[in-house]
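The structure under discussion appears below in the form of structure tokens.
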Amino acid sequence: MGSSSIEKNLASEYYDAVIVGSGFSGLFMLDKLRSEGLKVTVFETGSDIGGTWHWNRYPGARVDTEFYVYQFTSPNLYEDFDYTERFPSRDEVLRYFRHLDEKLDLSKDIQFNTTVESAKFHPDDNKWLINCSNTQTNANSKVSAKYFILCTGSAWKLHVPKIPGLDKFKGTVYHTSRWEGEQNASQFGSKQIAVIGTGASGVQVVQELGHKLNTDGKLVVYQRTPNLALPMKQCLVQGSTNLPKKSDFPAIYKETRNNYAGIDYDSIPRNALDDNQEERRALYEKLWSKGGFPFWVGSYQDVLFNKDANATAYQFWAEKTRERIQDERKKDILAPLVPPHAFGTKRPSLEQNYYEVFNKDNVDVVDIRKDPILEITKNGIRTENGGETEFDVIVFATGFDGITGGILNIQIENGSGQSIQSKWGQGTSTQLGITCSGFSNMFFLYGPQAPTAFSNAPTCCEVQGEWLTRLIGKMEKENLKRVDASVEAENVWGEIVRGIWNSTLFPETGSWYDGANIPGKPREPLNYAGGIPSYAKALKECEENEYKGFIFQ
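Here it is, written out as structure tokens:
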């Protein structure tokens, strides 16, 4: 008996499909593949479903997508569930996930507190051998599966910058994605708090902690790049006359498939400089008054392509934002007159009172481009020009090794002995943002070279998940054992992804969109920037052309 056969015989159980992760994409695939009659299990590191929303426990955690599109489109799932706010809190999102569980009976096929450590494809019988560990008992287990589906999402592997002295700090350290313990912002009211980072979680935790800060407390925000945040304009669903009703949902969901970001509005089909200054300002005022992302995603069609058009958007944003900040020094750090980058090429956050928080005397901001952090001491943080500032609490709002981090965190090896880390070591390559050549029967959703970060998560997961379910259905119906993407098709898709990316202003701005936030990570377009409609069209054309670019056995 060969060594691979011995290894496979150690597997405790066989599944048709193993899914990694129980966020939107993992749960969608679990439900779809079970409906096809497959034996499926999900491995989830956390103790409950919810994906990133299980982990993001920081005070103020909230969705920045409207409630009516931040859910699946099946009437069976939305008819008897109600969000209470236009932009739901984390608690509400988790309540929605519990609703999904109750309606679809999902948890029975999910193995919680279980981390997938490694996976290896065995070409002699076309099965994956998957090694897992229990996070509570450290017990190891092995299973085998025909299909290996990675639903690790865009934001799982957290990033903490390497700042000297972190291990010396005698206070409490948090990361917004692994917040342990007290989540009530009021309990931090009298603390001396540092927040490092001003991405989405940074904005939310700063405004929440800052709003509840007592006069004897202190909050200092260490900012590298200002977040060009937009007003959320939060409101309750009940009683609102401006929000859609459930009777509107079918039409809205049809529209989401036709719009770039998979939401219910799209860019305006004219250029910014086609309008005169008065017309342009009127449009910007209209978009601004709506709250949310219309000013970013629903603006002129060339704002993310043309520097002069983009400058008009930034100028309007800066004018609106600067008038909310009283202190001139803070104003120039938080909303500088000179753009730190093209507007919208780093993801704007939605805020409720973020800028007003800095009007408090005991809330400050440090521009670490001009005053870098040198070290963390036992009592606080020391910067180059400001010396040491003492803190009780340090919060890292420093984001993630995005898009690919969750996949690369698993030791995955194909049938030829090549690891995914080796394949993607110099740059990511995929076929249609859903699989990659050489890794038979392995797929990923809401991952690299798909619309992922430029789209509404449920929309993207449904578009990809429906297509993948049909591909697997074809294999099962025709008794096919294995599918691979061709190298040629993968190269073509890579050229498409890079071509669209390079036509925009995004390459001029380093961010987690292209891996620039992680030292040593290749700079490359990690997302397909062509939008949901063109992505869905590419999937459809592949399918209608007998899955061109795929090799079945």
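Under the working numbering, the first residue of the sequence shown is numbered 1, with each subsequent residue one higher.
Built from N, CA and C at the ideal position, the CB exists for glycine as well.
The model shown is predicted, which means the values in this text are computed figures rather than measured ones.
| Asked | Found |
| --- | --- |
| With 16 other CB atoms within 10 Å as the buried threshold, where does Asp401 fall? | buried |
| Go ahead and pull the three-state DSSP assignment for Glu546. | coil |
| Check whether the segment 144-161 and the segment 442-454 touch, using three or more Cβ-Cβ pairs below 8 Å as the test. | yes |
| Which residue from Asp308, Lys331 and Ile373 puts its Cα closest to that of Pro319? | According to the sequence displayed, residue 319 carries Glu and not Pro. Nearest C-alpha to Glu319: Lys331. |
| Taking the continuous beta strand (DSSP E) assigned at His175, which residues delimit it? | Thr172 to His175 |
| So, at 7 Å on beta carbons, what are the nonlocal neighbours of Gly23 in its own chain, with the 5 sequence-adjacent residues on each side left out? | Gly50, Gly51, Thr52, Cys151 and Gly153 |
| Need the endpoints of the alpha helix (DSSP H) that Trp179 sits in, please. | Premise fails: Trp179 is in no alpha helix (DSSP H) and is neither H nor E. |
| By a C-beta neighbour count over all protein chains shown, 10 Å radius and 16 as the cutoff for buried, is Ser177 buried or exposed? | buried |
| Which same chain residues end up closer than 8 Å to Asp82 when comparing Cβ atoms and leaving out the 5 residues on each side of it in sequence? | Val237 |
| With a CB to CB cut of under 6 Å and the five nearest residues on each side skipped, what residues in its chain are close to Lys218? | Gln192 and Asn362 |
| Out of Lys108, Glu102 and Thr84, which has the shortest C-alpha to C-alpha gap to Thr41? | Lys108 |
| Who are the near neighbours of Ile420 in its chain, counting only those whose CB is closer than 6 Å to its CB and skipping five residues on each side? | Ile412 |
| Just how far apart, CA to CA, sit Ser3 and Pro123? | Confidence at Ser3 is low in this model, with a pLDDT of 42, below 50, so the placement of that residue should be treated as unreliable; the coordinate-derived value is given next. Each residue's alpha carbon lies about 13 Å from the other. |
| Counting pairs of Cβ atoms below 8 Å between the segment 284-295 and the segment 227-245, do you hit three or more? | yes |
| Please identify the residue among Lys212, Arg523 and Arg382 whose C-alpha is closest to the C-alpha of Ile394. | Arg382 |
| Flag this pair as yes or no: are the beta carbons of Pro340 and Pro226 separated by less than 7 Å? | yes |
| Let me know if Asp484 comes out buried or exposed under the rule of 16 or more other beta-carbons within 10 Å of its beta-carbon. | buried |
| What distance in whole Å lies between the Cβ atoms of Val69 and Asp264, which are believed to be in contact at a cut-off of 8 Å? | 6 Å |
| For Phe169, list the residues DSSP reports as bridge partners. | None; Phe169 has no bridge partner. |
| Tell me the start and end of each unbroken alpha helix (DSSP H) in the segment 389-424 that is at least 4 residues and wholly inside, in chain order. | 405-408 and 420-423 |
| So, is Thr459 buried or exposed, given that buried needs 16 or more other C-beta atoms within 10 angstroms? | buried |
| Tell me where the alpha helix (DSSP H) around Asn140 begins and ends. | Per DSSP, Asn140 belongs to no alpha helix (DSSP H); it is in the beta strand (DSSP E), Asn140 to Leu150. |
| Have a look at Tyr15, Asp167, Ser455 and Lys168 and flag the residue whose alpha-carbon is nearest the alpha-carbon of Leu38. | Tyr15 |
| Are there three or more Cβ pairs, one per stretch, closer than 8 Å when the segment 472-481 is compared with the segment 308-318? | no |
| Starting from the C-beta of Ser133, find all residues in its chain whose C-beta is less than 6 Å away, skip the five residues before and the five after it, and write them out in chain order. | Thr115, Glu117 and Asn140 |
| Hey, how far is the Cα of Val221 from the Cα of Ala194? | 6 Å |
| Roughly how many angstroms separate the alpha carbons of Asp431 and Tyr547, rounded to a whole number? | The displayed chain sequence assigns Gln, not Asp, to residue 431. Straight-line Cα distance between these residues: approximately 11 Å. |
| Determine the direct distance from the alpha carbon of Asp31 to that of Arg86, and round the result to whole angstroms. | 27 Å |
| Since Glu351 sits in a beta bridge, which residues does DSSP pair it with? | Pro231 |
| Could you pull out every residue in the same chain whose Cβ sits closer than 7 Å to the Cβ of Val63, ignoring the five residues on either side in sequence? | Tyr70, Phe87, Pro88 and Val93 |
| Report yes if the CB atom of Phe28 is closer than 7 Å to the CB atom of Gly465, and no otherwise. | yes |
| Thinking just about the alpha-carbon of each residue, which of Pro507, Pro75 and Gly530 is nearest to the one in Lys254? | Pro75 |
| Could you tell me which whole beta strand (DSSP E) segments of length 3 or greater appear in the segment 61-110? | none |
| Given this structure, state the Cα-to-Cα distance separating Gly417 from Lys127, to the nearest angstrom. | 14 Å |
| On the CB-based measure, 16 or more other CB atoms within 10 Å of its CB, does Asp91 come out buried or exposed? | exposed |
| Classify Glu541 as buried or exposed, calling it buried when 16 or more other Cβ atoms lie within 10 Å of its own Cβ. | exposed |
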